[in-house]
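Asks: Provided herewith is a single structure, encoded as structure tokens, for subsequent inquiry.
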Amino acid sequence: MTDSSPLIIFHANCLDGFGSAYSAWVHFQLNLNVSAEYLPAAHGDTPPAAHNRTVYLLDYAYKREGMEQLCQQAAKVIVLDHHITAVNELAGMDQQFDNLELHFDMERSGAMITWEYFHSTAAPKLIACVQDRDMWWWNIPESHDVNAGLMSQPFTFERWHEAVQDEQAFQCLVNDGNAINRYRTQMIEQGKRAAEMGTIAGHRVPIVNCPRAIVSELVGELAEGHPFAAGYSDKGLRRSWSLRSAQDGADVAQIAQQFGGGGHKNAAGFVTWLGQDNLVIEPGSA
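Just so we're aligned, residue 22 is where the sequence shown starts under our numbering, counting upward by one.
Here it is as structure tokens:
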């Protein structure tokens, strides 16, 4: 592939990350008729081969070593992000590599940064709602339901674009999300009862095994009265951790960094790995 097909790397399993990718897709596919390559990436991933490519990293950045590898291969690397850990991790790298652009803004979400980078028009309400949740502002009345509706569907650019373009499709998201949130409220209450106290990086905190669909809300509520709280979910031997803290709680970005992760002061994550024996269960082994 050549520069005519940019490589778009975005934060995986994240509404803000996919909203960033969607913002780029509107620019490249719909406005320029350019077929870019879209690659979701999570904490701990290694960068792909990108020889002579133009690479955009949206709502995401690799660790410094990975970024150095990427910059040595790519024709150009543009980072659009808002995670404080990425700011610290990549400090000064744009002086080291002439082909690297760093665009950080802690006051906007990744999706909003990306939309406003590529477009001169105001961001659609869908992107504003995604930002409203990701920044945990909750200023837009429909945000809770819109985000729940989005999470209930496959992440496809076409579905998102329909909700942007069609008021009826947007309202369907709101209606679907409203029903979903009634159920999620019950799941959150069940999750709170399942939490146990444990220790992470020397802090005694609530820990709960929970699905990603409710992790932010559940762990956020558990964090009240504690330095922070943690939720985790497993995929094979990969355990993904989500940390949340109250406004006056611990800086979980610093804690996540100790495990190779990152994020914001009150919301961060990292990955740990389980042993092979966790996938081999025999009678009498319990």
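Don't be surprised by glycine CBs; every beta carbon is placed ideally from N, CA and C.
Small disclaimer: the values here were computed from a predicted structure and weren't measured.
Following the continuous beta strand (DSSP E) through residue 290, name the residue where it begins and the one where it ends.
Replies: By 1-based counting over the sequence shown, the position of residue 290 is 269. 288-294 is the span of the beta strand (DSSP E), which, as asked, contains residue 290.
Asks: Applying the criterion that 16 or more other CB atoms from any shown protein chain within 10 Å of the CB defines a buried residue, is residue 278 buried or exposed?
Replies: Here residue 278 refers to the residue found at position 257 when the sequence shown is read from its first residue. Per the 10 Å Cβ criterion, buried.
Asks: Can you tell me the Cα-Cα spacing of residue 280 and residue 83, whole angstroms?
Replies: In the sequence shown, the residue the question calls residue 280 occupies position 259. In the sequence shown, the residue the question calls residue 83 occupies position 62. The straight-line gap from Cα to Cα measures roughly 14 Å.
Asks: Given a cut-off of 7 Å on the beta-carbon distance, is the pair residue 132 and residue 263 in contact?
Replies: Within the sequence shown, residue 132 is the residue found at index 111, counting from 1. Within the sequence shown, residue 263 is the residue found at index 242, counting from 1. Taking 7 Å as the Cβ cut-off, residue 132 and residue 263 do not qualify as a contacting pair.
Asks: Which partner residues of residue 262 appear in the DSSP bridge assignment?
Replies: Taking the sequence shown and counting its residues from 1, one reaches residue 262 at position 241. Paired residue(s): 253, 291.
Asks: Figure out for me which residue from 209, 210, 226 has the closest Cα to the Cα of residue 217.
Replies: Taking the sequence shown and counting its residues from 1, one reaches residue 217 at position 196. Among 209, 210, 226, the Cα nearest to that of residue 217 belongs to 226.
Asks: Just to confirm, are residue 167 and residue 193 a CB contact at a threshold of 7 Å?
Replies: Here residue 167 refers to the residue found at position 146 of the sequence shown. Here residue 193 refers to the residue found at position 172 of the sequence shown. No, these two residues do not count as a Cβ contact at 7 Å.
Asks: So what does DSSP say about residue 75, is it helix, strand or coil?
Replies: For the purposes of this step, residue 75 is taken as the residue at position 54 of the sequence shown. In this structure, residue 75 counts as strand in the three-state DSSP scheme.
Asks: Quick check on this structure: which residue in 123, 214, 238, 295 has the alpha carbon closest to the alpha carbon of residue 159?
Replies: Within the sequence shown, residue 159 is the residue found at index 138, counting from 1. The shortest Cα separation from residue 159 among 123, 214, 238, 295 belongs to 238.
Asks: With DSSP as the reference, label residue 55 as helix, strand or coil.
Replies: What you label residue 55 is simply residue 34 of the sequence shown in a count that begins at 1. Correct three-state label for residue 55: coil.
Asks: Below 8 Å on the Cβ atoms is my guess for residue 134 versus residue 171; work out the distance and round it to an integer in Å.
Replies: Here residue 134 refers to the residue found at position 113 of the sequence shown. Here residue 171 refers to the residue found at position 150 of the sequence shown. That pair is no contact at about 19 Å.
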